[in-house]
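Input: a single structure, listed below in structure tokens.
In the working numbering, the protein residues as written are 16 to 144.
Okay, structure coming up:
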């Protein structure tokens, strides 16, 4: 039963997930300029998550369980249901097709790595940093 609870659990468990990682919430279009500037000093990873999708939830949990290199990359979290305008601007500004879930690595203001769904892997991301 706990397996189904983990897969289909609602937002009440997202606080547990957030405790595993220090996400920077991406909620505003203006933050994209900050991300571009920051990415000149340290790579930035953007995780685009759909709160309505169980596949996205599983990918997020897997990523959070494996991610352990915040000293090398700054992680941003985007709830794309709540902030679709930001998601659309990411696609436009960085030249990536919208996916959900999606992981995008930004270096020197450009998207240099972009994966979605089952291809999201913290170890693969770490090899690109």
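Glycine included, C-beta positions come from ideal geometry on N, C-alpha and C. Values in this document were obtained by computation on a predicted structure and should not be read as measured data.
Query, Result
"Taking its Cβ as the centre, do 16 or more other Cβ atoms sit within 10 Å of residue 60, making it buried, or is it exposed?", "buried"
"Would you mind giving the Cβ-Cβ distance between residue 118 and residue 82, rounded to the nearest angstrom? I have them listed as a contact below 8 angstroms.", "The Cβ separation is near 10 angstroms, so there is no contact."
"Among 93, 45, 73, 84, which has the Cα closest to the Cα of residue 39?", "93"
"I'd like the list of long-range same chain contacts for residue 132, defined as Cβ closer than 6 angstroms, with 5 residues on each side in sequence excluded.", "none"
"Can you look up residue 111 in the DSSP assignment and give me helix, strand or coil?", "coil"
"Can you check DSSP and say which residues form a bridge with residue 118?", "62, 130"
"Answer with buried or exposed for residue 71, where buried requires no fewer than 16 other C-beta atoms within 10 angstroms of its C-beta.", "buried"
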